[in-house]
Amino acid sequence: MNGRDPYCASCGAKNDLADEVCFACKQPLNRGANEPTERQFLRNRYRLLRKIGEGGFSAVYEALDLQDELHVAIKAVTLRGLSVQEKIDATDTYNREVSILSTVHHRTLPRIHEYFADPECWYVVMDFIDGITLERYLERREAVLLPIEDVLDMGIVLCDVLDYLHRQRPAIIFRDLKPANIMLATDGHLYLIDFGIARRFKPGQAKDTVPFGSAGYAAPEQYGRTQTAPQADVFSLGALLHQLLSGDDPSLTPFTFAPLPHNRPGMAELNQLLFHMLELDASKRLTNMTTIRHELQRVAGMQRALISSPQRMPTFQSSSAFTWQIDKLAVSDASRDNAVGSGQQVMQMQFAAPIQQLAIPMQQFVPPPLSASSLLSNGYALASLILSSIGAVLPMYFFLCTASVPMVNVSRVLFNVLILIPSLLGTIFGQIGMRHAKKLHPILQPGFKNARNGFLLGAIALGFYICLSVFLYALILFLIRH
25 MNGRDPYCAS
35 CGAKNDLADE
45 VCFACKQPLN
55 RGANEPTERQ
65 FLRNRYRLLR
75 KIGEGGFSAV
85 YEALDLQDEL
95 HVAIKAVTLR
105 GLSVQEKIDA
115 TDTYNREVSI
125 LSTVHHRTLP
135 RIHEYFADPE
145 CWYVVMDFID
155 GITLERYLER
165 REAVLLPIED
175 VLDMGIVLCD
185 VLDYLHRQRP
195 AIIFRDLKPA
205 NIMLATDGHL
215 YLIDFGIARR
225 FKPGQAKDTV
235 PFGSAGYAAP
245 EQYGRTQTAP
255 QADVFSLGAL
265 LHQLLSGDDP
275 SLTPFTFAPL
285 PHNRPGMAEL
295 NQLLFHMLEL
305 DASKRLTNMT
315 TIRHELQRVA
325 GMQRALISSP
335 QRMPTFQSSS
345 AFTWQIDKLA
355 VSDASRDNAV
365 GSGQQVMQMQ
375 FAAPIQQLAI
385 PMQQFVPPPL
395 SASSLLSNGY
405 ALASLILSSI
415 GAVLPMYFFL
425 CTASVPMVNV
435 SRVLFNVLIL
445 IPSLLGTIFG
455 QIGMRHAKKL
465 HPILQPGFKN
475 ARNGFLLGAI
485 ALGFYICLSV
495 FLYALILFLI
505 RH
């Protein structure tokens, strides 16, 4: 607050600048504060109740909006005492966050009420949520892993919001997906917070101006090699899901992700998915959040088919919500004071309207029907395996059967060429099958592996018998001449 603010920090009454005591509540007028304090009034409308988090250049307060009579969160960026470079960084962070959040509208993103400034601070007013960060929630669970169903539901929700951001024009890359930036409300909903380092993709730009990110969750390209694209968020989501499924903190060993143990149903499928999400080479990494969401939904359907108790409600909702309740943790007021995490630039928000449950009902999992492309891919794979298998044994069988049968040299050469045709066709069909399977996505199509096996078997058989034929032909010529 400005030192010449005429409003009383205790009751909000407007006083003359020369007054030392508030005429309404008779409390001393403290005008020496250069940053917000608890019980202070802003714009004669917002009464600060308590500080709920701070870090970097900012702090977040729970406040009461006296005009609309609701609780809000106010993020205050204090400029006093900062160096020139720190003021530039704080300005960029503030402007970037306000610019992005003012243009997006999604059920899992914060909603800005207004933003304003005084000579010492900048403020952003947004929705308030009563809850804790995923980071805090995991700390409370200690070494106990989340149920795989909740991890899948959480991944589906995050895929949905990240896909929304990536589909903006230009695309918005979050760049800092981690447990500290995911808020879990006491009503079971999930929210994505803190857009301080989010940025819009700039076509043609070689690399980011300044590298940003959190160690362990940030993709390699976020360290300044190239410009970050949506693939960076794919990597961060993969690192987060790996942590939730394995219990390993990626910040301790960045870029090192051990395979998930196959001790729970669905882990083999998730291992394959995470392998493609955590590719260090961004050009080889998955790029489509919709593809990732569909795979998570497929595994979630398999999980629900294995659940023996029909009483468990499906957790994924179209409102980006979970039915497991955080209040079961008995979150105290003291713990909520630290809910946003120490040392983080944070925000809190809440959406009160209940939203209908959606999309994956709790019923026996039924695999989706195969598309024409999928059937074609599997057909090529089957043909490749059959032909390659025939081609591997046919030449040797006929060679043994016809060894004693007199044949003209030309006829024998033609015969040898004809019996190589199955191996040749197996190789060709295998290659075509692999291309079709790759278009549909290799980790989702079993035909890819079959086509690859047929291709390799056919190619090996073909190469072997061609080499054998050349060797025998050369041997015959040698014997004839000598």
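Letter by letter, the sequence shown follows residues 25 to 506 of this note's numbering. Idealized CB from N, CA, C, for every residue including glycine.
{"Check": "Use the C-beta contact count for I180: other C-beta atoms within 10 angstroms, 16 or more gives buried, fewer gives exposed.", "Outcome": "buried"}
{"Check": "Per DSSP, M207 forms a beta bridge with which residues?", "Outcome": "T157, Y215"}
{"Check": "So, helix, strand or coil for L503, using DSSP?", "Outcome": "helix"}
{"Check": "Shorter than 8 Å from the beta carbon of A209 to some beta carbon of chain C?", "Outcome": "Looking for chain C here will not work: only one protein chain is present."}
{"Check": "Where are the alpha helix (DSSP H) runs, 4 residues long or more, that stay fully inside the region 228-300, in chain order?", "Outcome": "254-270"}
{"Check": "For S82, which beta-bridge partners are listed by DSSP?", "Outcome": "G79, V101"}
{"Check": "When the Cα atoms are used, what is the spatial distance from E173 to P244?", "Outcome": "29 Å"}
{"Check": "Applying the criterion that 16 or more other CB atoms from any shown protein chain within 10 Å of the CB defines a buried residue, is L382 buried or exposed?", "Outcome": "Only weak support exists for where L382 lies, its pLDDT of 29 falling under 50; the coordinates are left without a value."}
{"Check": "Can you name, in chain order, every residue of its own chain whose Cβ lies under 6 Å from the Cβ of R288, other than the five neighbours on each side?", "Outcome": "I172"}
{"Check": "Output yes or no for whether 8 Å exceeds the beta carbon distance between E319 and L304.", "Outcome": "no"}
{"Check": "Which residues does DSSP list as the beta-bridge partners of D89?", "Outcome": "Y70, L94"}
{"Check": "Determine the DSSP secondary structure at V149, reduced to helix, strand or coil.", "Outcome": "strand"}
{"Check": "What would DSSP say about H137, mapped onto helix, strand or coil?", "Outcome": "strand"}
{"Check": "Look up F65 in the DSSP assignment and give the residues it is bridged to.", "Outcome": "R71"}
{"Check": "Could you pull the start and end residues of the alpha helix (DSSP H) that R317 belongs to?", "Outcome": "313-330"}
{"Check": "Mapping the DSSP letters down to three states, classify Q192 as helix, strand or coil.", "Outcome": "coil"}
{"Check": "So the candidates are L448, S270, M313; which of them puts its Cα closest to the Cα of E166?", "Outcome": "S270"}
{"Check": "Can you grab the Cα-Cα spacing for the pair N68 / R135, in whole Å?", "Outcome": "21 Å"}
{"Check": "Does G155 pass the burial test, meaning 16 or more other C-beta atoms within 10 Å, or should it be called exposed?", "Outcome": "buried"}
{"Check": "Rounded to the nearest angstrom, what separates T250 and C183 at their Cα positions?", "Outcome": "23 Å"}
{"Check": "Going by DSSP, what residue range makes up the alpha helix (DSSP H) through D113?", "Outcome": "108-125"}
{"Check": "With DSSP as the reference, label L304 as helix, strand or coil.", "Outcome": "coil"}
{"Check": "Keeping to the same chain, check which residues put their C-beta closer than 6 Å to that of W146; ignore five residues upstream and five downstream.", "Outcome": "V101, Y118"}
{"Check": "Select from H129, Q327, I484 the residue whose C-alpha is nearest the C-alpha of L294.", "Outcome": "Q327"}
{"Check": "Please report the distance separating the alpha-carbon of T311 from that of Q255.", "Outcome": "5 Å"}
{"Check": "What would DSSP say about E511, mapped onto helix, strand or coil?", "Outcome": "Because residue 511 is not part of the residues shown, which for the chain are 25 to 506, the question remains open."}
{"Check": "Taking the CB atoms as reference points, tell me whether L216 and V185 lie closer together than 8 Å.", "Outcome": "yes"}
{"Check": "Whole angstroms are fine: how far does the CA of F488 sit from the CA of R246?", "Outcome": "Checking the sequence, you will find Gln at residue 246 rather than Arg. Near 47 Å, if we compare the C-alpha coordinates of F488 and Q246."}
{"Check": "Let me know the secondary structure DSSP gives A498 once reduced to three states.", "Outcome": "helix"}
{"Check": "Output the distance between the C-alpha atoms of Y85 and G79, rounded to the nearest integer angstrom.", "Outcome": "12 Å"}
{"Check": "Which same chain residues, not among the five before or five after D272, have their C-beta less than 8 Å away from its C-beta?", "Outcome": "H266, F281, A282"}
{"Check": "Less than 8 Å separating the beta-carbons of A114 and L125?", "Outcome": "no"}
{"Check": "Identify, in the order they occur along the chain, each residue of the same chain with its Cβ nearer than 7 Å to the Cβ of Q91, setting aside the five sequence neighbours on each side.", "Outcome": "R69"}
{"Check": "Quick one: what does DSSP say V128 is sitting in, helix, strand or coil?", "Outcome": "coil"}
{"Check": "For I500, which residues of its own chain have a beta-carbon under 7 Å away from its beta-carbon, when the five flanking residues on both sides are left out?", "Outcome": "none"}
{"Check": "Using CA atoms only, rank isn't needed, just tell me which of H286, A83, F219, D89 is closest to S123.", "Outcome": "F219"}
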